[in-house]
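Protein chains in written order, with this note's numbering: chain A, 3 to 364; chain B, 8 to 508.
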Amino acid sequence: MDLRAGAQWTWLETVVGALLVGVVVAEIVISSSPVERAEQGLAVDVRSASFTAQASTIQLVISHGSPHQELDVAAFPLPAKSIPQLSMYVYDDSRFPAADVAPTVPQGIFDHLSAELATRHHEPPVVAVSAEGLAGVLLDTARAPGRVVVTMTGVLPANVFSKDTDLVSPWVQAGGVAVWGGGAIGYWSGRNGQPLSSDDALGEAGTQRLLGSNVVQYPTTFGRLGDVPSAFASALDVTYNFTGAGVLLGSITAHAGLDLGWDSGQLTSIAYLPRGSGGFLIFGGEIPDEGSVSVDLARILMSGAIFGMGQAASKHLTLAGSATPETVDWKLPFLAPNGGIMLVAFDPSPDALYFFKRQIKP
Amino acid sequence: MAHPANRGSAEQAFRTAAEALKAASGVAQRAYLRTVEVLRAGATHLQLPLGPLTAGLVVRLVLAPFAAWNYDDAVWFHTALSGYYGVPLYQRPGFSYPPVWGYLLQILGTVIHASGFGPSFFGVVDHNFAPAASVTSDYTDVVTAPGFNLLFKVALFAFDLLTAAVIYRFVNQLTGKPKRARLAFMAWFLNPFVIYESAIHGAFDVIVGFAVLATLILILIGREYWAGAAWAIGILTKLSPVTLGLELVLAIAVMENSIQQSTRFTVRRLAGFGLGAGVAMGCLVAPLVLQGSVQAMLHNVFARAQTPITIGGISISGLRYLKPFSGLLVWAFENSGTVIQATTTAQIVAIVLWAIWTVIMVRKDPVFGLFTGSIGTLASFMLLSPIANPQYILWWLPALTVFVFASGRGYWPFAVISLAPVFFSLAILGPTASLAPVATYTHLIPASVVNNEVIAWYTAPPRLWGATLADDVFAPASLATVAAIISLFVVWIRLAREEFW
Chain A
3 MDLRAGAQWT WLETVVGALL VGVVVAEIVI SSSPVERAEQ GLAVDVRSAS FTAQASTIQL
63 VISHGSPHQE LDVAAFPLPA KSIPQLSMYV YDDSRFPAAD VAPTVPQGIF DHLSAELATR
123 HHEPPVVAVS AEGLAGVLLD TARAPGRVVV TMTGVLPANV FSKDTDLVSP WVQAGGVAVW
183 GGGAIGYWSG RNGQPLSSDD ALGEAGTQRL LGSNVVQYPT TFGRLGDVPS AFASALDVTY
243 NFTGAGVLLG SITAHAGLDL GWDSGQLTSI AYLPRGSGGF LIFGGEIPDE GSVSVDLARI
303 LMSGAIFGMG QAASKHLTLA GSATPETVDW KLPFLAPNGG IMLVAFDPSP DALYFFKRQI
363 KP
Chain B
8 MAHPANRGSA EQAFRTAAEA LKAASGVAQR AYLRTVEVLR AGATHLQLPL GPLTAGLVVR
68 LVLAPFAAWN YDDAVWFHTA LSGYYGVPLY QRPGFSYPPV WGYLLQILGT VIHASGFGPS
128 FFGVVDHNFA PAASVTSDYT DVVTAPGFNL LFKVALFAFD LLTAAVIYRF VNQLTGKPKR
188 ARLAFMAWFL NPFVIYESAI HGAFDVIVGF AVLATLILIL IGREYWAGAA WAIGILTKLS
248 PVTLGLELVL AIAVMENSIQ QSTRFTVRRL AGFGLGAGVA MGCLVAPLVL QGSVQAMLHN
308 VFARAQTPIT IGGISISGLR YLKPFSGLLV WAFENSGTVI QATTTAQIVA IVLWAIWTVI
368 MVRKDPVFGL FTGSIGTLAS FMLLSPIANP QYILWWLPAL TVFVFASGRG YWPFAVISLA
428 PVFFSLAILG PTASLAPVAT YTHLIPASVV NNEVIAWYTA PPRLWGATLA DDVFAPASLA
488 TVAAIISLFV VWIRLAREEF W
C-alpha cells in the first residue's frame, strides 16, 4: 500500500507540523536575550539631589520605551544607620495546620515571594524552611540581624511557639524581622500532623506574649477591610487591606512603629512594630491570595520601608508616548535627616518588573 | 458496527468494514485495509458550509470581548503579561499547565508589546470585585480588557474552526454524505457548549480536543509519526491525553498484526508513533530547557496542584450536589488521601478496560474501536476524577461528534452533553458572573451590581434538592451529563453486539 496515497489529509499533517514548529520557534525567539532586554527598557536615574535646611529636591531622569505608561516614585527619610541586605526564610511545612489563609497560601507564598524577588534580581535567594528549619533559624540569634522570617500560615508551629516555648521573641529582640499573616499572631500553636483543636488555641494571651497588650484588638473580625491608605501604602501601591486582626494605630505610635497598610478606624492592615533590634511586620487579617500579598511584601522589603521614620511621599507619573527621556523635578515634603532619603521607583502596572531604589545621603 | 438497517441510515465505511468481517470472519486485516482504503480514497476537497461557519464566527466574535470567566482568564492575563515583560513562562507561579497554551499566550503578549500597546491593554485590577473574590474564592478582581479577550479567544476560535473542518471532512469521508457532514459541522461549530467555552469562558481545552481528534485520524490513515506529534501536542497542552497512551499503542500494534511481515510493520508503525511523539515533545520542551525552566514547569504543574481536594463537577461525585449526599464534600476534604487513592485506582482500571475494548474492537472495525476506545477512556477518566470541570468534555467532544454523526447513533446523549454543561457552568457563580468586562469597560451595568449578584448567587439558599441554590442547578446538569455518557457506553456495547457477535 502506498503510504502517500492519502494526500487528502496532508493538510492535517501540515497543520500539526506548523503548529509545532511555529509555537516552538516563536517561543525561543521571544525568550532570547535581545528581545527580553528590549522589553525591559525602563530606567530611572538621579541626576541631582539638593538637601538644604529649607528643602529637599531631587531631579530624576526617566528613559523608557513607548509601551511604558506609568511610573510611581516614592521617597521616605531614613535614620542614620546602615540598611542591611535582607535574607529571607519562608516557613512552609505541609505537616502542620494552617488557619485564616487560602489552601494554596502556605506553599504559594514561598513560590510567589521568591519569584517576585528573583524577577527583580534581589539577592540572596529566598529559602523555604520546615518547622525544624524555622526553629534552627530562630535559635541562631547571633545571625538574626538582616534576616527575615515569613510565616503566613496563620499558625505558628508548636516547636517555635506554644504555652511553654517562644523562640520568636528572643530572635526578634536580637535583630530579626518576623513577617506574619493569617489572623492574629500567637493565637494558634499547631502540632505536627494534627488538625487544629481548642487545645491549640493560645488566644489573646498568645498574641500579647509576642506583641504586648493593646496592640491587636480582640475579638478579631473576619472580612473587615481598610478603606484609607496610609502614606506608605500609597507610596508603595500596597493593596492588602484586610484589618480583621489588624494592629491598633495607637500602639504603632506608642512603639515608634510604621503604618504601611490600609486603615479602617483605628486599625491598619499592615504594621511594622520594632522590638529590640528587630521587629514584627504584621499583615493583620486573613490571606485569601498569596500573589498580591507577595507583591506587597516584596515591595515593602525591597524598598527598605521598615527602616523608615514614618513619613513618606509619592508621585505618580504618566509617561509620555514618545521614547524621549523625561526629566522630573521633585520637591519633597520633608527635610532629609542624616541618614538621607530612600528613593524608590517602580512600574505600578500588574506584573511589571521594574524596581529601582537608591539611598541618597546629604 | 453502526448497522443502519434498523436505524434507517447506512454508514458506508462502517458497513464496508462489517461486511468484510462477515465475509471473512477472523481476518482482521481486511477490515483494517478496507477502512484505510476508504479513508484515503474517499475524501474530496470539500468546501466548508459557509452559512453555519459565518453564524458560528459572528456569535463568537460578539460574545468574546465583553464576557470572561475571570478566575481562569486572570491566569491567561498574567501569562500573556509574562510574555509582554519577557519573563520566562514558569518563573512566576500561576500557570499550572504544560506549556503549549502558555507559549501561545506569551507570543500574544510579545506581539502586543511590539505593537506599542501598554500593559493596560490586557486588563485591570478592579477592586469593586474584591468582595466577590473574597466571599467565593472562585472570582477575582482582575478584569481582562475587551481587546485582550478578543485576541486570545480568536486563537481558540481558530482551533474551534480547525476541529470543525476535520469533523466535516472525516464524517463526509466515512459516510459519503455531505449533508450528514454538514450537520456534524454545525453540531460542533454551533454547539452552545463549545461556543460558551471558547467565546465566554476562554477555556483552552479545545486544543486538546483537536489534538486527540487529529491523533485518531492520523493513526487511522497510517500516518503514525504525525499522530504521535499530535498526541504530544495534546499532552503538552493539558496532560490528559496521556491516558490514551496504552490504548493507542495497542491499537497501532493490533491493527497491523495480521498483515504479512506484520512484526516488522508493527514495529515500524509503533516506532513512527513513538518517534513523532518524542520529537514533538522534545521540540515543545526545548524553549524551557533553553530558559532553564524545566524544573519550574514540573513544580508548577505537579507540586502546586497538591492541595486538599474538593469533589464534584461533571463526574460521578456530582452526586454530592443532592442534599442527602452533601456531606460527601466535607468527608472528601478530610479524607483527601483516600479519595485520591480510590479515584486514581478506578481511573487506571478504566483505562485498562477501555484499552482491552479497543484491542478487541479495532480488529473488527478500526474506526469504531479507536473512536469509542478513546472517547471512553477520556470520558471515564473525567467521570472518575474527584472533581471534573465542564470544559474537560472538550477533550473528547470532537471525536464524539464524528462518531455520533458517522454512526447515526447517540444523538440524544450528544444533545444532553451539548446543553447540560452550559447550565452547570452558568450556575457556578450565577449568570452575571461573566459580565465583569461589561461592567468595568462600559456603563451598561455597574460593577457593584455584578459583584453583589455574584455574592447573592453564591450565598443563596436552596429552593429544590441541593444544599445551595447553585447545587439546585448543578445536580441535574451534572447527573444528566453523567447519565448521557453512560448511555453512550451502553449504545456502543449494543452496537458491538449487533455488528460483531
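Don't be surprised by glycine CBs; every beta carbon is placed ideally from N, CA and C.
Chain-ordered chain A contacts of residue i [CB-CB under 9 angstroms]
i	result
Phe124 (chain B)	Pro69
His85 (chain B)	Gly293, Pro352, Asp353
Val346 (chain B)	Those within 9 angstroms of Val346 (chain B) in chain A number zero; the least Cβ separation is about 15 angstroms.
Ile242 (chain B)	Within chain A, no residue comes near Ile242 (chain B); the closest Cβ sits about 13 angstroms away, beyond 9 angstroms.
Neighbour list for residue i in chain B, Cβ cutoff strictly below 9 angstroms
i	result
Thr121 (chain A)	Tyr92, Val94, Gln98, Arg99
Ile284 (chain A)	None at all; the shortest Cβ gap to chain B is about 19 angstroms.
His114 (chain A)	Arg99, Pro100, Gly101
Trp264 (chain A)	The premise fails here: Trp264 (chain A) is roughly 11 angstroms from chain B at the closest Cβ pair, so nothing lies under 9 angstroms.
Closer than 8 angstroms at the beta carbon, the chain A residues around residue i
i	result
Trp233 (chain B)	Leu14, Glu15, Val18, Gly19
Leu297 (chain B)	Ile30, Ser33
Ser144 (chain B)	Ala104, Pro290
Counterpart residues of residue i in DSSP-defined beta bridges
i	result
Asp261 (chain A)	A:Ala273
Thr273 (chain B)	Partner(s): none; Thr273 (chain B) has no beta bridge.
Ala203 (chain A)	A:Trp190
His318 (chain A)	A:Asp74
Met344 (chain A)	A:Phe78, A:Gln361
Glu125 (chain A)	Beta-bridge pairing links Glu125 (chain A) to no other residue.
Ala45 (chain A)	A:Ser65
Lys333 (chain A)	A:Thr59
Val103 (chain A)	A:Ile289
Phe53 (chain A)	A:Ser58
Ile284 (chain A)	A:Trp182, A:Ala273
Gly319 (chain B)	B:Ile394
Ser266 (chain A)	A:Leu269
Contact belief for residue i with residue j at Cβ below 8 angstroms, rounded distance in angstroms
i	j	result
Thr153 (chain A)	Ala117 (chain A)	Between Ala117 (chain A) and Thr153 (chain A) the Cβ distance is about 19 angstroms, and since that is not below 8 angstroms, they are no contact.
Val150 (chain B)	Gly130 (chain B)	5 angstroms
Asp74 (chain A)	Asp239 (chain A)	6 angstroms
Val131 (chain A)	Val139 (chain A)	6 angstroms
Ser84 (chain A)	Arg149 (chain A)	No, Ser84 (chain A) and Arg149 (chain A) are not in contact; Cβ-Cβ is about 15 angstroms, not under 8 angstroms.
Thr245 (chain A)	Gly228 (chain A)	5 angstroms
Lys245 (chain B)	Ser205 (chain B)	Not really, about 15 angstroms apart at Cβ, beyond 8 angstroms.
Chain E within 8 angstroms of residue i, Cβ atoms only
i	result
Gly287 (chain A)	Checking the listed chains, one finds no chain E in this structure; the protein chains it contains are A and B.
Proximal residues of chain A, C-beta to C-beta of residue i below 7 angstroms
i	result
His208 (chain B)	Simply none; closest approach about 21 angstroms.
Leu88 (chain B)	Pro352, Asp353
Ala237 (chain B)	Val18
Val132 (chain B)	Pro352
Under 7 angstroms by beta carbon: chain B residues contacting residue i
i	result
Ala354 (chain A)	Tyr92, Pro126
Ala117 (chain A)	Gln98, Arg99, Pro100
Ile32 (chain A)	Gly90, Gln113, Ile114, Thr117
Pro335 (chain A)	Correct list: empty, because the minimum Cβ distance to chain B is about 27 angstroms.
Where residue i meets chain B, residues with beta-carbon distance less than 8 angstroms
i	result
Trp182 (chain A)	Result: empty, since nearest Cβ-Cβ is about 20 angstroms, beyond 8 angstroms.
Val25 (chain A)	Val107, Tyr110, Leu111, Ile114, Leu291
Leu44 (chain A)	Per Cβ cutoff of 8 angstroms: no residues; Leu44 (chain A) is ~10 angstroms from chain B at best.
Whole runs of the beta strand (DSSP E) within the segment 113-171 of chain B, excluding any shorter than 3 residues: 130-132, 149-151
Which runs of the beta strand (DSSP E), 3 residues or longer, sit entirely within the segment 61-93 of chain A? 72-79, 89-93
At 4 residues or longer, what runs of the alpha helix (DSSP H) sit wholly inside the segment 341-420 of chain B? 343-371, 373-390, 404-414
Does the segment 192-199 of chain A come close enough to the segment 240-252 of chain A that 3 or more CB-CB pairs lie under 8 angstroms? no
Is the segment 423-440 of chain B touching the segment 394-409 of chain B, taking contact as three or more C-beta pairs under 8 angstroms? yes
Assess contact between the segment 95-109 of chain A and the segment 288-301 of chain A, defined as three or more Cβ pairs (one per stretch) separated by less than 8 angstroms. Is contact present? yes
How about the segment 326-336 of chain B and the segment 355-362 of chain B: do they share at least three Cβ pairs that are nearer than 8 angstroms? no
Check whether the segment 412-428 of chain B and the segment 336-348 of chain B are in contact - that is, three or more C-beta pairs closer than 8 angstroms. no
Closer than 8 angstroms is the cut-off here; do at least three beta carbon pairs connect the segment 381-391 of chain B with the segment 63-73 of chain B? no
Which runs of the alpha helix (DSSP H) fall wholly inside the segment 129-202 of chain A and span at least 4 residues, in chain order? 133-141, 170-175
The segment 332-341 of chain B touching the segment 493-502 of chain B, judged by at least three CB pairs closer than 8 angstroms: no
Would you check if there are 3 or more beta carbon pairs closer than 8 angstroms linking the segment 81-100 of chain B to the segment 107-122 of chain A? yes
Which residue spans inside the segment 211-254 of chain A form an unbroken alpha helix (DSSP H) run of at least 4? 233-238
The segment 48-60 of chain A touching the segment 337-345 of chain A, judged by at least three CB pairs closer than 8 angstroms: yes
When the Cβ atoms of the segment 145-162 of chain B are set against those of the segment 74-83 of chain B, are three or more pairs found closer than 8 angstroms? yes
Count Cβ pairs between the segment 200-219 of chain A and the segment 162-169 of chain A that sit closer than 8 angstroms; are there 3 or more? yes
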